[in-house]
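Asks: Below is a structure I'd like to ask you about.
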């Protein structure tokens, strides 16, 4: 089966491409892949089917998923109250920050097995992403963009 190869181009002033999902209808993203590293955060509601590498996940508010480079992924969301954020870090940026990135893989799987430090860092990341959502909804995209730039 052939999948769409998505090419990610970010703002030259911001080394991340972001998508704020606030649809009020059934929605989906067809199976595709890219060299970029993607973080998906479900702020509220749930995503019915978030498929990564053939594994189907159902996300709820507060869940964070990581999509590694070149992983085929797709989304189907039948819930109309979902708010989510995709942060997509282009390969060149990730490679500049993590030189041996090609030898790494990231997973957020069994929450019960997380160490205290991992739980603390995930809570910190959720707090930053929640703050981003508040700014996006109340102050608009430009202020949210500036906040995101400060987070990086």
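Numbering (the numbering used here), first residue to last: 9 to 160.
Where a beta carbon is used, it is the ideal one built from N, C-alpha and C, also for glycine.
Under three-state DSSP, which class holds residue 109?
Replies: helix
Asks: Work out the CA separation of residue 49 and residue 102 for me, nearest whole Å.
Replies: 19 Å
Asks: Across the region 81 to 101 and the region 54 to 61, are there enough close Cβ pairs to call them in contact, namely three or more that are closer than 8 Å?
Replies: Contact between the region 81 to 101 and the region 54 to 61 is present, because at least three Cβ pairs lie under 8 Å.
Asks: On the three-state DSSP scale, how would you describe residue 54?
Replies: strand
Asks: Taking residue 115 as the reference, which of 144, 130 and 39 has the closest Cα?
Replies: 130
Asks: Take residue 92 as the anchor and find which of 73, 78 and 79 has the nearest alpha-carbon.
Replies: 73
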